[in-house]
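Written below as structure tokens is the structure these notes are about.
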Amino acid sequence: MLTESSATKLSAKDASTATASASSANVNSAELSTDDNGTQPESIRHIETVNDNWNFYKGSLSFPFAKNDQPKWQKVTIPHSWNTEDILDDEDGYYRGDGWYTKSLIIPDVYKNQQVFFLFEGANQVTSLYVNGQKIGQDHIGGYTTFAKDITAALKKGSNEIAIKVNNAHHEEIVPLSADFSFYGGIYRDIQLIITKPVHFEVANLGANPVFIRTPQVSAASAKIEVQSKVVAPKNNQFYVLQQLLDTDKNIVKESRTKLNAGTDHFAEMAINAPKLWSPESPYLYTLVSKVVDSQGQVFDRVENPVGFRWFHFDPKKGFFINGKATKLIGTNRHQDFLGKANAVSDELHRYDMKLLKEMGINFLRISHYPQDPAILEMANKYGFVSTLEIPFVNQAAANEAGKQNTVKMLREAIRYNYNHPAIVAWDLSNETTMKAPEKLGEAYTKHFQETHALLAKVSKEEDQTRYSYSVFFKNPAYQDKLGIRNTELVGYNKYYGWYLNELEDIDTNLRTLVQNSLALDPDKPFILSEYGGGADPRIRSYQPSRFDFSMEYQFLLHKAYLKAILDIPEIVGANVWNYADFQVEHRKDAVPHINNKGLVSAKREKKDAYYLYRAVLNKQPFVAITSKQWHARSGIADSENGSVATQPVTVVGNFDEVELLVNGLSLGKKAFDFFTATFDVPFSQGLNIIEAVSSKNGQIIKDFASIDFSLQPKNLRSTSNPFTEIAINVGSQCYFIEEDNINYLWMPDKAYEKGSFGYIGGEIIRHPRRKTIGSDVSVKGTELDPVFQTQLEGIKQYKFDVPKGSYELSLLMAELKTKDKNVMDVLVNGKKLWSNINLKQEFGDNRGVTKRFLITVNDDKGITVDFNAQEGKTRLSGIKLRKL
């Protein structure tokens, strides 16, 4: 049962709102023009965004503002966040505190005795609203749920002064307390001004939604629809609620008109025959138009909601069924985030994300770790994405009873506002809440933590008995079972086999064991693989990929292994990649500092190789793609001493049977796809190489192309047929690195020295102390070349280049990364001391990249030998570059 009031969700960007309202200031509803037939058009609520021309101040102010205060206000447009820059800088932390927004606003005069509301789609995380100096209601707590405020009583004729304080400071009573995402401050979604007549569907209530649609009985033959409405009207009235069900062509399929009893919720029922069903393959949407009318049929208020007729259930052994059809659910998670914008992103970008997911072929979306912009579920309904929606109960419980009730209120708001979306099949109540181990926080916290879980499960069913309750964990099932928190109908597990632990070949076995362990505890609880994946920096490439190298190639192999297992294990009823897109995390220190780059697209929405794999597997439309086609500038060592080509692998994905690959017009033959992939050995020559993939079936031909500018390095650096010019080496790494902000300058993988060529002598690759993977996870200061500095040879003796006589420019890249000992060294070139008494930590500081460039002259045939001599501790080198002058 819905035990508290709720308010409307008719978004201005849903477009049909302003068509029959007076939309300009000082226009009364009685002045509306007649239509072509001479009849009065249908009046509905007036909705407009008020996003422009706000004054903003970051910092604390007293209110009312003191006259002697002279804060420096800046003009901003909503969506807005004050953390777009400090989230990405080299300084630890980001601003978490007060931000103030003010503006003067003339309210349009639309209706006599009109009621006026502000609706906030999202502001993080405590919001206080003042109108003409008067505080409007209580502060809204929670940064991700939509809420509305009735400002009618505080308004005056003419200009009204609006002031809004938003605070994103850490608060022990407000989830999330911690998480692997950033808690940006600001009004980061639209503000809507809503104006209604005195008689109207509720607006400013818990959940901001007045209409609740249920479809308790659905089959291919018939469907029943129940509608619960909340209306503001005088006690003695002659009003009716008219419910009209429209098809996609806006034809009325069914309608119901019943008398309104003020003070109580209004209920209506309808039934239709042969409904068109909603499913991932065919997401047919009806529209329910709800109207408040009088006895003459005059419309006093009108709202619209989507309706999708479907029936579904999860079977723990057989999977997910919708409309009686078994459907393997595969998709992604999503954060509301874009590089340089924090979470203040446009509706267009939200919809673009959903478009890319549709193209990729997903049918399952986990909206994590919080409710998101209305545009997301709008498109999930239209694209047929079976969806779960989560509240931000992440890592640990909010403190005390007040914190528990704040969390419960967030859940109620999230369910009520999003109740009518047919895409949603489950409410996700928590994520990884044992990240802060309850047993280490004491008995009192553990009891409170368990009660919070139990209460959320109870409330989710009080609010909505038509959908599943869902919780997501990361530790092994027995741990949650011992705590007593596996109390939802669905359970999800976030597991990063092949990334944080174990290797690619262990993925299938590990997943089967995990699923079996979960079902052994609760045979009736369907299992979802709620997160899996690994990081990939589009700037990093490797033909020897390894765990945690952040190469595009390793991520591709990881997802290929997961997809095989997921498709082969029926008890995995659904799976969500972590994540759809890279996103900003201030404390992250990976290959790209402050970025979690496990996305299938980058933080700027560039498609990664693994995206194309999912597109080939999931989308049934004919498809072929060269996965690495975004890598335009490449390099490699010639196959032979006087050779004119370097042979390197190129992978193609597709969903036909086979593919042919052509290089500069010459065919390399055909290969059959093996699990949607085929790899060719391609002979790259100096300069431009045009790669063409051709796949055909039943007379249909599809193609993809890649344009590769290849730099052929001589196998012998004294070659006369292919003279040496320049090379940059990513020392201590098996990966290429592309400087995207420096004309795609390319760093090559390191190698041991071979006579006639180049390479290192001595030293050991640095490895992560816990994972034992190559490189460090330090965020390197003073550079954009973090992946170059994060890998090193420690204790290196020499680096040699067997180049001919001439003048050269030599660059050395070094950094002290998390070192405790004192390290001092000298650098010599061909026996001559070039750089002495180098103490990187003392001279430049910890974790700071240092680049030194020197001019070198070679007067003999001995080439260049760079010696690294340790005076104290160990030598180290991250990168080396040599250019012939």
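Take the sequence shown: its letter number 267 is residue 266 in numbering that gives the first Met the number 0, and every next letter is one higher.
For glycine and all other residues, C-beta sits at the position ideal for the given N, C-alpha and C.
On a predicted model such as this, the values are computed, not experimentally measured, just so you know.
- Under the 8 angstroms Cβ criterion, the region 787–796 counts as touching the region 730–750, having at least three qualifying pairs.
- With respect to the C-alpha of LYS597, the residue from LYS164, GLY141, TYR495 and GLN216 having the closest C-alpha is TYR495.
- With fewer than 16 other beta carbons inside 10 angstroms of its own, ILE689 counts as exposed.
- Within the same chain, PRO437 come within 7 angstroms of TYR444 by CB-CB distance, once the 5 residues on both sides are set aside.
- The distance from the Cβ of ARG415 to that of GLU462 is about 7 angstroms, consistent with a contact at the 8 angstroms cut-off.
- Residue GLU640 holds the alpha-carbon nearest to the alpha-carbon of GLY755 among GLU640, ASN131 and LEU876.
- Going by DSSP, ARG256 is part of the beta strand (DSSP E) stretching over 251–258.
- Within the region 826–878, the alpha helix (DSSP H) runs of at least 4 residues that lie entirely inside it are, in chain order, 839–843.
- Assignment of TYR492 by DSSP, reduced to helix, strand and coil, places it in the strand class.
- Shortest Cα-Cα distance from PRO370 to any of ALA453, ALA325, ILE423 and VAL252 involves ILE423.
- Within 10 angstroms of the beta-carbon of GLN583 lie 16 or more other beta-carbons, which makes it buried.
- The beta-carbon distance between PHE55 and VAL75, rounded to whole angstroms, is 4 angstroms. This is short enough to meet the 8 angstroms contact definition.
- In this structure, the CA atom of THR257 is about 15 angstroms from the CA atom of PHE299.
- DSSP places ASP480 in the helix class (H, G or I) of the three-state scheme.
- Scanning its chain for C-beta atoms nearer than 7 angstroms, with the 5 sequence neighbours on each side dropped, one finds around ASP523 the residues PRO315, in chain order.
- The residues ASN54 and TYR56, in chain order, have a CB closer than 6 angstroms to that of TRP72 in the same chain once the five nearest residues on each side in sequence are set aside.
- Here ALA477 is exposed, its C-beta having fewer than 16 other C-beta atoms within 10 Å.
- Between ARG350 and PHE549, the alpha-carbon positions lie close to 28 angstroms from each other.
- A direct Cα-Cα distance of roughly 29 angstroms separates ALA232 from SER158.
- The Cβ-Cβ distance between LEU667 and PHE800 does not fall below 8 angstroms.
- Judged by DSSP secondary structure, PRO373 falls within the alpha helix (DSSP H) whose first and last residues are 373–382.
- Taken atom to atom, the span from the alpha-carbon of ASN743 to that of ALA632 is near 7 angstroms.
- Taking all protein chains shown into account, ARG540 has 16 or more neighbouring C-beta atoms within 10 Å of its C-beta and is therefore buried.
- With a cut-off of 8 angstroms on Cβ pairs, the region 497–506 is not in contact with the region 694–703, counting fewer than three such pairs.
- Selection HIS170, LEU839 and SER835 evaluated against ASP820 yields LEU839 as nearest (Cα-Cα).
- Assignment of ASP346 by DSSP, reduced to helix, strand and coil, places it in the helix class.
- Counting other Cβ atoms within 10 Å of its Cβ, PHE555 reaches 16 or more and is therefore classed as buried.
- Around the beta carbon of TYR542, fewer than 16 other beta carbons lie within 10 angstroms, which makes this residue exposed.
- Following the DSSP letters along the chain, one finds SER643 in no alpha helix (DSSP H), marked with neither H nor E.
- Straight across, the Cα-Cα distance linking LYS164 with TRP99 is about 5 angstroms.
- With distances taken between CA atoms, THR864 lies nearest to TYR759 out of TYR759, THR874, GLY878 and GLY794.
- The Cβ atoms of GLU605 and HIS593 do not sit closer than 8 angstroms to each other.
- For MET813, the enclosing beta strand (DSSP E) covers residues 805–813.
- Taking GLN133 as the centre and dropping the five residues before and after it, the same chain places the C-beta of ALA153 closer than 6 angstroms to its C-beta, in chain order.
- A straight-line Cα-Cα distance of about 19 angstroms links LEU599 and ASN342.
- When the beta-carbon positions are compared, PHE117 and ILE150 come within less than 8 angstroms of each other.
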